[in-house]
Structures are given as structure tokens and as C-alpha cells.
Amino acid sequence: MRKALCMVLGLFIFFMASKSYSAEEYHLGVALSFTGTGALYSAEQMEGIQLAVDEINAKGGFLGNHKIKLFSVDTQTKPDVAVRVVKDLILRDKVKALIADYSSANAVAIKPIAKEYKVLHIAAMSNSENITKVNYSPYTFQVCPNSYMQAKASAIAIAKMAKEKGWKTYVTIASDYEWGRSTQAEAVKFLKELAPQLKLLKEFWPRLGETQFTSYITSIMALKPDFVYGSLASKDNVAWMEQAKAYGFFDKIPYPGSLISVTELMLEAKTLPRGIIGLTRAPFFAHLNNKMMVDFVNNYKAKYNKYPSDWAVMGYDAVYALKQGIEKAKTIDTEKVKDAMKGMTVELTRGKLKFREIDNQLRCSSYIGVVGDDPKYPFPIYKNIIEVKGEDSERPEKEIIEARKAEK
Amino acid sequence: MDLTFIFAQFLSGLTYGMVLFLVSAGLSLIFGVMNILNFAHATLWLMGAYFCYTFWNYLHQTLSIALWISIPLAGLVMALIGAFIEIVLIRRIYKRELYEQLLITYALTLILGDLIKIFWGVTDKLIERPEIIQKPVFIFGAPLDSYFIFVNLAGIFVAVALWCFLKFTRYGHIVKAAVYSREMVSALGIPIPKIYTMVFTLGIFIAGFAGGIQAPIGSVTLGMDMSIIIQAFCVVVIGGFGSLIGTFVGSLIVGEVYSFSILYWPDGAMVLIFVITAFILIVRPWGLFGTPTRM
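Each protein sequence line maps, in turn, to chains A and B. Numbering that gives the first Met the number 0 numbers the first residue of the first sequence as 0 and each following residue consecutively. Numbering that gives the first Met the number 0 numbers the first residue of the second sequence as 0 and each following residue consecutively.
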């Protein structure tokens, strides 16, 4: 009897001891728009995130012993759905951090929830400046160049072209939601400053998810602008480009500085007009001098049999930024990780970049180039890339302080 | 403004109207005859677009006319799926209240949406157009996507074919009679369930065919159905549920109003359509060409 009791006690002690040595799993949430307008980019970002998680888990997880468990939910490109499913991630799945979302409207809706429940929130695709500029949350970080940075980068390039080509008039076409509106507004403001000779003839606001751009195309052609500035993304962008091309639009009207991500370069490889000037956020081919990017591209190709898009790059970078934050904090405790990440310099596929202290915005670059073929790839890439650095395109801190004062 | 561009805008509106007509024709036919408000109609249209892509994808390397074959094939496959849905689901809800029909067909929308995701994934599908329809054509100097000539002809063909079917064929006469009194048709020994299955199948064939026509216009993507279904409902409300000519005219009204408001008042394009729809609902709830009997 005593022998049996000792054995049970021994087993109990062994069980408890072994339990104390196996470190806590790290629950990482991913809230992206797997259906709706954002489905295309979201699926690719998820692939980048999954690859990063697999690589880190193969080495034992965060800090070598916290295996990452991924929980992903579909926010359907709808803010109300985003709020509901993110609460599920936090309350049911107990995630410590979440990567979210495709739509800036969703990211803005998610931010206060992450703050309320003290969960880290990394925006790796949605890039409205308002995610980090106003209603500041110390829990929200941005690893994507924001709408201000992108607008300024493209305005710099367009102002240069306008001067060279003698452009006088332009129209804008932007998706009618948070990101489209804010990007367009910033671009117009910059163009006013950088090229005051330019006159804005009209603004077009197709709704998010528009499938028929024909009437917009003929309206713009009727106005005969010198160029068109577009802020359309994902499926809307593909539909617009395809339909405009069939009208011979790009042969007549220059379309510089609009978002043509690597996704569009790959998807429309055969049909995308060569020579048009596009803007993008994280093209892998701009950083093949960085070993981390080379390894990422090779591993991604091995796993998914394709090249990574900007969204995959930024998803991958989001996980590695979190990893480096945890390593700096030496713990997975969210409060300490959040503090460690503030102002931190991280080594990512896009190089050594710093989170700006005032708004947790990563000082990352925007990329502008001419679409052209390259024998190394089965799709066109950007040629003559102009990389506008984060520090050259970010909003001055003074303006952010003023904006925050104004919201009070 | 240059008259050429006014004409170009008219052509855009006409084309958009034809796209809407192709989507709405089946919706209106099904409601007119069967009294079923099929919210899943646009999702079946989207499925037709995906099938068109699939057929094209298999055929385009060996057949130069792959696209032109894929479009009717998509309609045929969707007709089979439509018949299956009618037999398994729709015939059980004929006598349900309208809101119940809407809820059930909305559930069908979600199920079909998930099936699309499972079979085709979330990536956009792009059909590479044949050389002949890659460049614009100019009509009196106004540019038009050359593929839209086919879209407009297809819209007119469907309208004429449906009209001939209803006007000159025995089945067409039965269908028209069923709109007004299904009891009388039944009393004459004509099996109403079979007629309903036929009408639903025909409606979904048109939806699938329309989806096939839509596929090469842009990319085929998830969510396209949701953006077009509301406008399709506006079309049938304006034209009158169950009226073929009403659907045709309603489509052209919505297409042209949308097109010209984009040119002159871009912010109010959709608002105007809803204002017209609301106005029709208030002053003539049976629509421009419908009849009060349908109310």
C-alpha cells in the first residue's frame, strides 16, 4: 500500500515538474479579410505569416521554447464582423498579439479593442495613417508604409514627371472608403505643394468592391486630363486596370503612382501594359541584396511554388518584428513586449528599420518604378526603382502632436 | 463637352444596362412565374463566371474559340445546378412568406459562396481575351471596349429569345398563364411543378450565361455577386417583377442613370438609382411595366 502511494506521489511530482518545464504556447491571432474585396491580398499575407511561424516553431518557438499557435479568422472586409471575430480571438483563443487587417476601416475598428484588452496589434497591410496617427494606442504597430508616406512618395515622383512633361491637369479615382479617401486627400495636398501648376479637374469615388468601371473610364477620357492619380487596391485595382486597358486608356492617359503591387504584376503578367508607372509597398526584388529577403524568397518559393507578394513580405516581417520584440523583452509578457518594441530597430526582409517612437510606425520605404519585363521572372517587375525612404516620406512629428491635440 | 464623349458615356451606360439585364432577366422571370424572390441569383451568376473561367482554362491552349464555347457551357452547367436546387430546395418554399424565402435563399448565397471558395480558392481568376477583343473600337469616334459589342448583342439576343419563347411557344404560353393563375393552369392538367422546375432552370441558365459573359470583363472574384444583386433588385423593381420588357427598360434606365451621374455627379451615382427605385415603389409599386395583379 505504502509502495503504491509512493509510486503515485512520485508520478505526480514528475508530472508537475515536467509541466513546469514546458513553456507556455504563444497564441498569435490573424484577422484578415479572407472573403470580400481583401481576399486576394489576405490569402497571400497569411502564407507569409504561416511561413514565419513554421520557421520560428522549427527552432522551438519564441525565445526557443514558446511554440506559436496560430488562430486565424475572416473579417470579411467588414468592420462590424472584424470587431466580433477579433473579440473571439482575444476572449476565446486568448491571443497575445494579432496581425490585422486588410481594410483600414477594419484596422481602425480593431485598434481600440486591442488597447482595451491589452493585446498587441500589428497592421501589416491596412495602411491608413489614422491607424497610428490619431487615437494613439501603445499596443498598435504598423509595418507597412502608411497612406501619408505612400502618397508623399508618389507625389514626389509625379511632381518630377509633371515638370518634365509639362502636365497641367489631372483627375483622381479612389475607392470610397477610409484608405482610398485618406490616400487621395494626402496625394492631392502634396501635389498642390510640390506642383502648384497642376489643376484637379474632378474626383471619382467608385465604391469598394466595384466591378464595372466602364462609366468611370469614359468619364475620365471625356475630361481629357494630362494624367490620372488612382488609389484603388486589390480586386478593385485589377478590375479597373483590365477594363481601362480594353479602352486603350493607358495609351492615351498616363496613370502614374497608383498601387500596382507584386500581386498585380504576377496576376496580370501577360496583360499588364508595360511602361506604366506604379507604386508599391514591399517588392521582394528591391531587396535581394539582403540575405533575409533572399532566404525568405527561396523558402516561400519552396513552400508555395510562387514568388511572394508585398503582402506576404509584410506578413512575414510582422511575425519577425514581434519575435525581435519578444527577444528584446526576454519574455512573452505583452506589456513588456510592447514597451520593448517602442522605438526598436528591427532586422527585416526590407533591411534594418526602426519603429518611430511617437506612433509605432515602421520607418519603411515606398517603391515607385516602371513596369517592365525581366528574363529572370515569369512576370514583369519594376525597373528603375525609386526607393523613397521612410524618413523622407513620413509625416513630421509636430503635425502628429497637433492632430492629437485637435482630437481632444 | 465634346459630343463624342457624351455618346461614349451613353455606350457605357448601355453596356452596363445590358450586363444588368442579363443578371436581372432570370431573377425577374423566376419571381414573376414562381413568386420566389431568389437572393442567391447573383451568386449563381458568379458561379457561372467561375465555370466559364474553368472551361476556358482547360480549352484555351488547344482551341482558339475557347472563350466563345466556355460562355454557353457555363450557362448549361448552371442550368443543371439550378434544376438540382429547385428540386431539392426551392420547391419546398413556394408557399412560404416572402421574408422566409429571402432568408432561405440568403443562406443559399452563403453556402454557394463557401463552395466557390472551396473549389476555386480566393485568388482572382483572369481570362486572357483573344486578340480580336483586346483593343477598343471607335463608334462615331467614341471609344468602346470591343468585347462590349458582344455583351450588347448577347443582351439583345437573350431579350428577343425570351420574348419569342413567351410569345410563340406552347410552354411560353403556359408560363405566362401560370403568372396569373397557377390554379387554372393546374386544373387544365398541366403539371405545375414541372413548369416551375423548367422556369427556374431557364432562369439560372440565363444567370450562368450572364456570368460567363461577365468573366472576361474584369477578373472573376469573390464578392462580385453582392455588389450587383442590389442593383439587379433595383432593376426589377423599376421595370416590374415578372415583366421582360420592364426588366429590359429598367436595366437601361439604371445603366444610363449610373453612367451619366458618374460623369456629372460622381458622388451621387448610386443615390440617384435608389431615389428612382424608392419613387417607383411609392407611386407604382408594380413597376413601370408590371401589372397590379402581381402585387
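Cβ atoms here follow ideal geometry from the backbone N, Cα and C, with glycine treated the same way. Just so you know, these numbers come straight off a predicted model, no measurement behind them.
At least one CB of chain B lies nearer than 8 Å to the CB of residue 211 (chain A). Taking 8 Å as the cut-off, the Cβ atoms of residue 274 (chain A) and residue 367 (chain A) do not count as close.
Contacts with chain B at 8 Å (Cβ-Cβ) do not include residue 44 (chain A). Residue range 191 to 213 is occupied by the alpha helix (DSSP H) that includes residue 211 (chain B).
In this structure, the beta-carbon distance from residue 124 (chain B) to residue 219 (chain B) falls below 8 Å. Runs of the alpha helix (DSSP H) spanning 4 or more residues and lying entirely within the stretch 88 to 162 of chain B occur at 97 to 119, in chain order. Among the residues of chain B, those whose CB is under 7 Å from the CB of residue 266 (chain A) are 123, 125, following chain order. Rounded to whole angstroms, the separation of the alpha carbons of residue 152 (chain A) and residue 387 (chain A) is 6 Å. Of the residues B:105, B:71, B:76, the one whose Cα lies closest to the Cα of residue 228 (chain B) is B:105.
Taking 8 Å as the threshold, the shortest C-beta distance from residue 220 (chain A) to chain B falls below it. With the rule of 3 Cβ pairs closer than 8 Å, the stretch 184 to 199 of chain B does not count as touching the stretch 183 to 193 of chain A.
Inclusion of residue 107 (chain A) and residue 361 (chain A) in the CB contact set at 8 Å is not warranted, their separation being larger than that value.
When secondary structure is reduced to three states using DSSP, residue 118 (chain A) falls in the coil class, being assigned neither helix nor strand. With a threshold of 16 other beta carbon atoms within 10 Å, residue 192 (chain B) falls short and is exposed.
In this structure, A:158 is the residue among A:383, A:158, A:146 with its C-alpha nearest to the C-alpha of residue 226 (chain A). With respect to the 8 Å criterion, residue 144 (chain A) and residue 308 (chain A) are not classified as neighbours on the basis of their beta carbons. Scanning its chain for C-beta atoms nearer than 6 Å, with the 5 sequence neighbours on each side dropped, one finds around residue 261 (chain B) the residues 268, in chain order. DSSP, reduced to helix, strand and coil, places residue 330 (chain A) outside both helices and strands of the structure shown, so it counts as coil. With a minimum length of 4 residues, the unbroken runs of alpha helix (DSSP H) contained wholly in the stretch 247 to 318 of chain A fall at 248 to 251, 261 to 266, 290 to 303.
Listed by position along chain B, the residues whose Cβ is nearer than 7 Å to that of residue 247 (chain A) are 134, 135, 142. The distance from the Cβ of residue 135 (chain A) to that of residue 338 (chain A) is about 15 Å, inconsistent with a contact at the 8 Å cut-off. Within chain B, no C-beta atom comes less than 8 Å from the C-beta of residue 281 (chain A); the nearest is roughly 19 Å away. Using a Cβ-Cβ cut-off of 8 Å, residue 115 (chain A) does not count as an interface residue toward chain B, since no Cβ of chain B sits closer than that to its own.
Membership of residue 351 (chain A) in the beta strand (DSSP E) is indicated by the continuous run 350 to 353. Uninterrupted alpha helix (DSSP H) stretches at least 4 residues long and entirely within the stretch 369 to 399 of chain A occur at 389 to 392, given in chain order. For residue 4 (chain B), at least one C-beta of chain A is nearer than 8 Å to its own C-beta.
Under the DSSP definition of a beta bridge, residue 172 (chain A) partners with A:203, A:229. Shown here, residue 14 (chain B) sits in a helix according to DSSP, grouped into three states. Taking one beta carbon from each stretch, the stretch 102 to 120 of chain A and the stretch 78 to 89 of chain A have 3 or more pairs nearer than 8 Å; the two touch. Of the candidates A:35, A:213, A:278, the residue whose Cα lies closest to the Cα of residue 247 (chain A) is A:213. The straight-line gap separating the alpha-carbon atoms of residue 111 (chain B) and residue 119 (chain B) is approximately 12 Å.
In the structure shown, residue 212 (chain A) falls within a coil segment according to DSSP collapsed to helix, strand and coil. Secondary structure note for residue 26 (chain A): its beta strand (DSSP E) is the uninterrupted segment 25 to 31. Within chain A, no C-beta atom comes less than 8 Å from the C-beta of residue 250 (chain B); the nearest is roughly 13 Å away. At a cut-off of 8 Å between beta carbons, residue 220 (chain B) contacts chain A.
For residue 114 (chain B) and residue 164 (chain A), the gap between their C-alpha atoms comes out near 50 Å.
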